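Residue numbers (this note's numbering): 821 to 879.
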């Protein structure tokens, strides 16, 4: 009988909101929060908050 795992190796992408495995992603260039691999493939390198700050003239 196989024991059911209750742990979850998932994080929410701070760019798109999708939940992906934590080992399949990269840190935001601005603040280091999790960016999923699909966003990375699309060229997204900053989380939503850092993108907004950049648009507002912050970074």
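By construction, the Cβ of each residue, glycine as well, lies at the ideal position given by its N, Cα and C atoms.
Keep in mind the model is a prediction, meaning the values are calculated, not measured.
A direct Cα-Cα distance of roughly 24 Å separates residue 846 from residue 877. The C-beta separation of residue 850 from residue 839 comes to about 21 Å, leaving the pair out of contact by the 8 Å criterion. When the Cα atoms are used, residue 848 and residue 868 turn out to be separated by approximately 9 Å.
In this structure residue 844 is in contact with residue 857, their Cβ atoms being roughly 5 Å apart against a cut-off of 8 Å. The three-state reading of DSSP puts residue 841 in strand, counting E and B together.
Annotated three-state conformation of residue 830 is strand, per DSSP.
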